[in-house]
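As numbered in this note's numbering, residues 15 to 129 make up the sequence shown, in order.
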Amino acid sequence: MSYTLSFWSGDDAADCMDTYRRLNTGERVEHVALVDKAGVERALSGIDGWRWSQSLLYPPGSHLVGSPVFDIFVDTQAVTCTGYGVEAADINTVIDVMRELGFRLYDPQTNERFA
Numbered sequence: 015m016s017y018t019l020s021f022w023s024g025d026d027a028a029d030c031m032d033t034y035r036r037l038n039t040g041e042r043v044e045h046v047a048l049v050d051k052a053g054v055e056r057a058l059s060g061i062d063g064w065r066w067s068q069s070l071l072y073p074p075g076s077h078l079v080g081s082p083v084f085d086i087f088v089d090t091q092a093v094t095c096t097g098y099g100v101e102a103a104d105i106n107t108v109i110d111v112m113r114e115l116g117f118r119l120y121d122p123q124t125n126e127r128f129a
């Protein structure tokens, strides 16, 4: 089973589900900041004990084939992290790194955006 996390910065007053849909279709959304792709990749690949391979991020104890793993998609205004077989602690680690970069989490499974 997969779990998706979406991150963007800005557009705080807007309907988060609408913003998420628009960002997922590649639409440029006013008041959403641009993503520094290299900075995001550097931060995620620098998590102690985790491995980065192309767009895949592996928590400690995982193998380079299979799960647990996050598939990371960095777009111009949002970052989407889809976890497969990940634990709550793995999810929280990714959230913490993205928060340090100034992003807010949107959970499309629950339609909630967190501070």
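In this text, a Cβ means the ideal position worked out from N, Cα and C, and glycines have one as well.
Which residue from the options puts its Cα closest to that of residue i?
| i | options | result |
| --- | --- | --- |
| Tyr-120 | Val-93, His-45, Asp-104, Thr-107 | Val-93 |
| Phe-21 | Trp-66, Ala-102, Ala-52, Ile-86 | Ile-86 |
| Tyr-17 | Phe-117, Met-112, Gln-68, Asp-104 | Asp-104 |
| Met-15 | Val-83, Ala-129, Val-88 | Val-83 |
| Gly-99 | Arg-56, Gly-75, Ser-59 | Gly-75 |
| Val-43 | Val-79, Glu-55, Ser-81, Thr-90 | Thr-90 |
| Val-49 | Met-112, Arg-65, Val-108 | Met-112 |
Drop a sphere of 10 angstroms on the beta-carbon of residue i, count the other beta-carbons inside from all chains shown, and report buried for 16 or more, exposed for fewer.
| i | result |
| --- | --- |
| Met-31 | exposed |
| Val-79 | exposed |
| Phe-117 | buried |
DSSP three-state call for residue i: helix, strand or coil?
| i | result |
| --- | --- |
| Arg-42 | coil |
| Thr-90 | coil |
| Ser-67 | strand |
Locate the alpha helix (DSSP H) running through residue i, then write down its first and last residues.
| i | result |
| --- | --- |
| Asp-104 | 102-114 |
| Leu-48 | Segment: none, Leu-48 is in no alpha helix (DSSP H) and carries neither H nor E. |
Need the endpoints of the beta strand (DSSP E) that residue i sits in, please.
| i | result |
| --- | --- |
| Phe-1 | One cannot answer for residue 1 here, as it falls past the ends of the chain, which runs 15 to 129. |
| Asp-121 | 118-121 |
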